Structure formats: structure tokens, C-alpha cells
Amino acid sequence: MRLQGKTAFITAAGQGIGRATAEALIREGASVTATDLNGDLLKGLKAAHAFALDVTDKVALTQAVHDTAPDILVNCSGIVHAGTILEATDQDFDTAMNLNVRPHMQAIQAALPGMIDRGHGAIVNIASVCSSVMGLPNRFIYGTSKAATIGLTKQVAADFVGQGIRCNAIAPGTVDSPSLHERLRASGDYDAAMTAFVARQPMGRIGQAQEIADLVVYLSSDESRYMTGQCVCIDGGMTI
Numbered sequence: 025m026r027l028q029g030k031t032a033f034i035t036a037a038g039q040g041i042g043r044a045t046a047e048a049l050i051r052e053g054a055s056v057t058a059t060d061l062n063g064d065l066l067k068g069l070k071a072a073h074a075f076a077l078d079v080t081d082k083v084a085l086t087q088a089v090h091d092t093a094p095d096i097l098v099n100c101s102g103i104v105h106a107g108t109i110l111e112a113t114d115q116d117f118d119t120a121m122n123l124n125v126r127p128h129m130q131a132i133q134a135a136l137p138g139m140i141d142r143g144h145g146a147i148v149n150i151a152s153v154c155s156s157v158m159g160l161p162n163r164f165i166y167g168t169s170k171a172a173t174i175g176l177t178k179q180v181a182a183d184f185v186g187q188g189i190r191c192n193a194i195a196p197g198t199v200d201s202p203s204l205h206e207r208l209r210a211s212g213d214y215d216a217a218m219t220a221f222v223a224r225q226p227m228g229r230i231g232q233a234q235e236i237a238d239l240v241v242y243l244s245s246d247e248s249r250y251m252t253g254q255c256v257c258i259d260g261g262m263t264i
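Take 25 as the starting number for the sequence shown in my numbering and just add one per residue.
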């Protein structure tokens, strides 16, 4: 098992990429602390220390990370807003930055001192191809926040590369998840919306959460020990 003896902390682990990641890290031998705003979603996540956590509560988030003292930190929290810059409101922009970026920063701030003391640490931030990688229609707020996630990743990597800390980001394309299906239903024409989402990937399908989780395992393990400050696209060919 590639992560035997490692301790991991994951946000938004109740479903989708976060849930698949928690399960994958457990299979690889890590001691996992899994958190989610909705604690009920964590039921059934065996072999993990799981509890409800609002990542927008800095005090609670900081304490939870301190208590875990993780070797591996995976930041998965996020929200998707639709619309162009003309539809963007200050409130929606603040909500996105306060969920898609700020908790990542604060969790890293809490985890870094212990990682530095131990001389090693792997941080993985879940970004998106809709970011500084590429623009997508009607995703102004989301793409802006995910671009910030990539910038945050590179800055942390640059500042701590000499202290045994690695920080990388993952930029998925469209991934099958409960939140995706909620957006499809909200479109008013589920089938047409799904067809459009699938068509964005040249492979002709959307991704599976487990495929993203497998990449998280790699970036968390010593197999990627020469890799930091990178944003890895896993997108079915979207960014070819």
C-alpha cells in the first residue's frame, strides 16, 4: 500500500471526487480524516475519522487540521455558479471565493507548520479545466475562482519547495457526480444538457470520480516526489 503510515485530511468528502478520494486513500493505507458540510453524507465511509465541518468556519477548519496533523491535505470544497460577468453578483462572487479558494488557503496555513517540522507534506487542490487553463461559456465566477486555486497552488509550491513540501492541483473536465446531475436537472432539459456536457470531451464520455481519485493518490504518494507546482488536466481530451 503506497500510503501506509501517512495521515490525510480531506474536505468535501461526502460525495463525488471527495468521497472517491477518501476511499482511495484508505485503500492505499492512509489514516484518513474525512469532512463534509453534510455529515450524513459521510455515513458508510469505513476506516475513516469522519465528521461534519463547515470549511467557511476558519476556527473550526484550522482546529480540525491541527488535530489531524496531516501528511496529505486534499482540498475538494467547491461550488459552481452559472452565468457571464454580466450576471455575476458581488454576493455570488464572494460565496465562490469563500468556498472554492479561501478554505484551501486556510487549511494549508494550518497544515504547513507540521509538515515543515516533519520535513515532508503533499497538498492536492482540486481545480478545474475551467480556470486559467481555459474558459468555458457561462462559468465566469467558477472559472475565476478555480484560476485562483491554481495560482494559490503554484505560490505555495514555490515558497516551500526547499522544505519538503509539494503542492499540486488537479484540473478535471466534466466528472459524473451528484452536483453535476443537480445542474443538469436545473437546466430544464436533462438529456440535452447531458449530451452537451459529454460532447465537450473528445473521448465521448464524462469522467468518473474514481479516475480523479487515482490521480490524487499518485500526487499524494512518493511516486510523484519530483513533482510540485503543477496543474494536471484529466479531462477526456478537453484541452488537447
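Ideal Cβ positions, reconstructed from N, Cα and C, are used throughout, including at glycine. Note that the coordinates shown come from a computational prediction; the quantities given were computed from them, not determined experimentally.
Cα-Cα separation, residue i to residue j
| i | j | result |
| --- | --- | --- |
| Glu235 | Cys100 | 15 Å |
| Gly260 | Ala216 | 20 Å |
| Leu69 | Ala131 | 22 Å |
| Gln39 | Gly175 | 26 Å |
| Met25 | Ile194 | 22 Å |
| Lys178 | Arg249 | 16 Å |
| Leu160 | Ile109 | 12 Å |
| Arg190 | Gly42 | 20 Å |
| Lys30 | Val240 | 14 Å |
| Gly212 | Glu247 | 44 Å |
| Gly53 | Glu47 | 10 Å |
| Tyr6 | Ala72 | Residue 6 is absent from the model: the chain starts at 25 and stops at 264. |
| Gln28 | His144 | 15 Å |
| Met139 | Pro94 | 7 Å |
| Gly167 | Gln187 | 31 Å |
| Phe117 | Ala210 | 20 Å |
| Ala223 | Ser155 | 19 Å |
Which of helix, strand or coil DSSP assigns to residue i
| i | result |
| --- | --- |
| Asn265 | The chain is shown only over 25 to 264; residue 265 falls outside these bounds and no answer can be derived. |
| Met129 | helix |
| His105 | coil |
| Val157 | coil |
| Asp165 | It should be pointed out that residue 165 corresponds to Ile in this sequence rather than to Asp. Helix. |
Limits of the alpha helix (DSSP H) - the one that residue i falls within
| i | result |
| --- | --- |
| Leu97 | Run containing Leu97: none in the alpha helix (DSSP H); it sits in the beta strand (DSSP E), 96–99. |
| His205 | 202–210 |
| Ile50 | 40–51 |
| Thr119 | 114–124 |
| Ala220 | 214–223 |
| Ile189 | Ile189 -> not in any alpha helix (DSSP H); beta strand (DSSP E) instead, spanning 189–196. |
| Val256 | Premise fails: Val256 lies in the beta strand (DSSP E), 255–258, not in any alpha helix (DSSP H). |
| Ala54 | No alpha helix (DSSP H) holds Ala54; DSSP gives it neither H nor E. |
| Asp91 | 82–92 |
Sub-8 Å separation of residue i and residue j beta-carbons
| i | j | result |
| --- | --- | --- |
| Leu49 | Asp60 | no |
| Thr173 | His128 | yes |
| Ala74 | Leu85 | no |
| Thr35 | Val153 | no |
| Val98 | Val148 | yes |
| Asn192 | Val256 | yes |
| Ile258 | Pro202 | no |
| Thr198 | Phe164 | no |
| Val89 | Ala135 | yes |
| Asn62 | Ala106 | no |
| Val104 | Arg207 | yes |
Whole-number beta carbon distance between residue j and residue i, since they are thought to touch under 8 Å
| i | j | result |
| --- | --- | --- |
| Ala181 | Gly253 | 3 Å |
| Gln225 | Asp200 | With 8 Å as the limit, Gln225 and Asp200 do not qualify as a contact, their Cβ atoms being about 12 Å apart. |
| Cys96 | Ala146 | Correcting the residue type first, residue 96 is Ile in the shown sequence and not Cys. That pair is a contact at about 5 Å. |
| Phe33 | Thr92 | 5 Å |
| Val169 | Ala112 | Note on residue identity: the sequence assigns Ser, not Val, to residue 169. 11 Å between Cβ atoms; not a contact. |
| Thr45 | Ala237 | 4 Å |
Span of the beta strand (DSSP E), counted from its first residue to its last, around residue i
| i | result |
| --- | --- |
| Ile147 | 145–150 |
| Val185 | Segment: none, Val185 is in no beta strand (DSSP E) and carries neither H nor E. |
| Ile236 | Where Ile236 is concerned, there is no enclosing beta strand (DSSP E), although the alpha helix (DSSP H) it sits in stretches over 233–244. |
| Thr31 | 31–34 |
| Thr74 | Rather than Thr, the amino acid found at residue 74 in this sequence is Ala. Run containing Ala74: 72–76, per the beta strand (DSSP E) assignment. |
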